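Counting from 1 along the sequence shown, just add 196 to a position and that's the residue number in this note's numbering. Accompanying notes for the structure given below.
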Amino acid sequence: MIRTDVLVIGSGAAGLLLALRCASQGQSVALATKGTIEESNTAWAQGGVAAALDLEEDSPLAHFQDTLVAGAGLCDERAAAIVAAEAPQRVDELLRLGVGFDLGSGGAFDLTKEAAHSAKRVAHAADATGRAISNTLASRALRHPNISVLERSIAVELIVDSDSCHGAWLLVDGRLVSVLASAATALATGGSGRIFARTTNPPGATADGLHLALAAGARLADLEFTQFHPTALAVAGAPALLVSEAARGEGGIVIDAKGRRFCFDSDPRGELAPRDIVARAIYRQLQADPAGGVWLDLKPIGSPEAIRARFPNIAAACARFGIDIGASPISVSPAAHYHMGGILTDLWGRSAVESLYAIGECACTGLHGANRLASNSLAECLVFASRAAEDIAKTVAGDFDEGRATSPPAIVDACEEVDKVRALAWNAAGLIRDGAELRGAVDTLSAIPLNRRPLDRSSLEARSILIAATFVAKAALLREESRGSHYRSDYPERDDAHWRARIVWSSGGQTLMPVEVPV
Ligand code: FAD
Ligand code: SIN
């Protein structure tokens with residue numbers, strides 16, 4: 197058993213920053229993460245962090261407005277206003293902590309533009325911004341005397357008593373260990389890309405936080421909204437590696453086999469329309485001409501050397517599959533990228549369960565609504581980690597009798613057909629959905645046999661994938677309209693009269709009840 201003031205679960209941008217903030221306000225922190233400290237979606241982030249940093253050309257108000265437009269009528273405007281206002285400060289702080297953002301000659305941020313942003317507002321470290329943030333924050337967390345980093349420690353269950361969270365059970369080297377947190381427990385477990393067969397996400401993005409929170413009594417929302425990134429590498433035998441939106445922001449174009457820029461058929465903003473529009477345009481083009489493919493041509497950006505210098509990591513990744521991004525177009529197609537839905541929180545990261553916080557991609561603050569504006573995720577992680585720490589600082593630590601922390605069963609009902617689950621999610625709850633397929637997917641997912649297995653990471657992740665995929669399919673089936681990233685071919689129009697609302701899920705034992713809360 198471990199006792200601490202604050203337990204943070206997850207070591208991406210959100211978890212690392214929260215741990216550092218709580219530690220610097222004098223609290224003891226246990227930072228648990230299921231792999232190594234660098235294992236996270238954060239470490240894979242490419243484009244950068246959105247923040248209105250150039251006040252001559254941009255403003256928090258413009259950032260706020262762009263966020264609402266992308267969110268297609270479902271953003272929580274308070275969350276959007278907070279992120280737009282506070283992100284610049286958070287990015288400045290990261291720079292001071294040592295994150296190697298690209299700077300111009302005068303020392304100002306070298307900002308880039310991404311789709312659906314009305315100004316250049318994305319601070320970046322070449323095309324590996326997330327790695328720069330993760331390395332800097334992780335090395336500080338490892339050195340901080342108030343932080344105990346617990347690697348290879350996977351959260352199995354939260355410890356809840358009288359509607360209050362007191363920590364979690366972790367599986368550490370095959371053993372169940374309880375961590376009792378007297379002030380707060382925070383889920384920072386990241387996204388759910390791995391519930392889909394085709395995703396830009398790393399292997400650990402298995403949506404663990406969703407069912408941990410639900411089982412503890414928290415609420416989930418917006419689960420039907422998954423963002424599909426338009427341009428992931430599409431090469432036989434290669435993973436769906438992301439080719440950053442910044443590549444289009446800098447001038448890259450999307451063409452069909454004949455060299456035609458077909459994205460303008462769907463939207464006058466062409467390649468720089470919001471992600472859902474570009475992703476569906478590419479998806480449809482691929483359905484119309486699968487053999488011809490869709491290509492991202494970076495040549496308009498500049499010389500081959502300039503292209504490789506601006507995107508060194510993408511260049512290296514593509515080179516592994518025989519593509520020179522300076523000289524030839526890249527074969528691309530969409531892939532699951534980001535979950536707008538998650539654990540419903542207030543504007544301080546608090547869930548419905550006392551002392552349980554959720555921050556980062558696993559949370560649903562309402563910032564993104566039905567569709568996330570590019571590079572708003574890292575901004576959200578930083579802003580809400582800070583706000584949660586501020587709130588946790590006010591908490592009076594309470595004692596909890598360790599005898600009341602009942603250990604979870606040492607076995608898990610494991611799903612051994614994960615590939616089938618991921619294929620079903622991709623086919624039925626992917627870019628273009630319809631009621632009949634979704635209904636079929638929900639029935640099939642609900643009938644997948646489970647086998648009792650000893651606890652280990654892969655069984656726990658398989659459980660998370662099955663539960664999250666089922667929720668996503670159920671939520672997508674319920675929402676009978678098209679909005680943002682959620683497109684139903686049987687309900688192709690946005691329907692504000694009935695659906696300007698979020699579907700909120702809570703758990704009453706085994707029955708899940710959708711609740712609509714007006715935005
Ligand atoms: P993560 O960074 O995913 O961290 C989650 C952590 O929780 C991990 O350490 C994981 O191991 C741990 N964990 C999970 N489950 C458990 C468990 N049960 N027990 C213990 N630990 C657990 N966003 C932007 O804003 N800008 C970008 O340029 C950008 N580029 C991206 C590029 C790629 C390829 C991808 C995949 C995403 C990108 N995103 C980008 C999205 C962004 O990176 C993520 O949304 C963000 O980093 C999430 O941070 P997080 O701290 O919430 O979670
Ligand atoms: C990208 O670089 O295209 C990813 C940006 C993001 O997901 O916000």
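Cβ coordinates follow ideal geometry from the N, Cα and C atoms, glycine included. Just so you know, these numbers come straight off a predicted model, no measurement behind them.
CB of residue i within 9 Å of CB of residue j, strictly
i	j	result
R618	A671	no
P508	A697	no
G363	A601	yes
A266	G448	no
P688	S678	yes
V287	T263	no
G489	D452	yes
A625	T395	no
A258	W622	no
R653	I198	no
A275	S551	no
G296	T332	yes
L656	V608	yes
V549	A409	yes
I588	C611	no
S224	S374	no
Any non-hydrogen atom of the ligand SIN closer than 8 Å to residue i Cβ
i	result
R568	yes
A436	no
A241	yes
G522	no
S440	yes
E446	no
F574	Checking the sequence shown, residue 574 turns out to be Leu, not Phe. For the ligand SIN, at least one heavy atom lies less than 8 Å from the Cβ of L574.
H425	yes
H313	no
S571	yes
H564	no
G488	no
H259	no
H535	no
Candidates the options: closest to residue i by CA position
i	options	result
A239	A625, V439, R684 and N397	N397
D595	T308, L366, E289 and A379	A379
W695	E420, E576 and A575	E420
T402	D463, S236 and R465	S236
R348	L367, P605 and R690	L367
L673	L634, S681 and T640	L634
A442	A411, I497 and D615	I497
Q483	G370, L627 and E289	L627
L437	S360, K309, I526 and D609	I526
R583	P605, D542 and V614	D542
C271	S681, D686 and V450	S681
S529	A248, R471 and V549	R471
K454	L429, S462 and Q481	Q481
I519	D493, A632 and A593	D493
K616	E576, D587, A658 and E586	A658
C514	V638, A428, L641 and I473	A428
F667	A505, E353, A382 and A637	A637
L354	S220, G413, S660 and A277	G413
Y479	K495, L468 and F424	F424
Cβ neighbours of residue i in the same chain (closer than 7 Å, five flanking residues each side left out)
i	result
A384	V204, I205, G206, G208, A210, G211, L214, I555, G556 and C558
G466	R457, C459 and F460
A593	D201, S378 and A379
Chain-order list of residues whose beta-carbon lies under 6 Å from that of residue i (same chain, five-residue window excluded)
i	result
F517	V431 and A434
G269	R696
R327	A239
A445	It is Gly, not Ala, that sits at residue 445 in the sequence shown. If we look at G445 and ignore the five residues flanking it on each side, its Cβ neighbours are T308, K309 and E310.
A228	I205, L346, S349 and L366
A511	R504 and I521
L708	Because L708 sits at a pLDDT of 40, beneath the cut-off of 50, its placement in the model cannot be relied upon, and the point is left open.
G389	T395, N397, A401 and A532
The ligand FAD heavy atom lying under 8 Å from the CB of residue i
i	result
L338	no
N397	yes
V608	no
A228	yes
V245	yes
T263	no
Proximal residues to residue i (C-beta, below 8 Å), its chain only, five neighbours per side dropped
i	result
E501	G522
Practice problem: Could you tell me whether the segment 313–330 touches the segment 240–249, where touching means 3 or more Cβ pairs closer than 8 Å? | Solution: yes
Exercise. Would you check if there are 3 or more beta carbon pairs closer than 8 Å linking the segment 324–343 to the segment 204–219?
Key: yes
Quiz item: Would you call the segment 555–566 and the segment 535–542 touching, i.e. three or more CB-CB distances under 8 Å?
Solution: yes
Quiz item: So, do the segment 580–599 and the segment 641–652 have three or more beta carbon pairs nearer to each other than 8 Å?
Solution: no
Quiz item: Taking one C-beta from the segment 303–313 and one from the segment 569–576 each time, how about it: are there three or more such pairs within less than 8 Å?
Solution: yes
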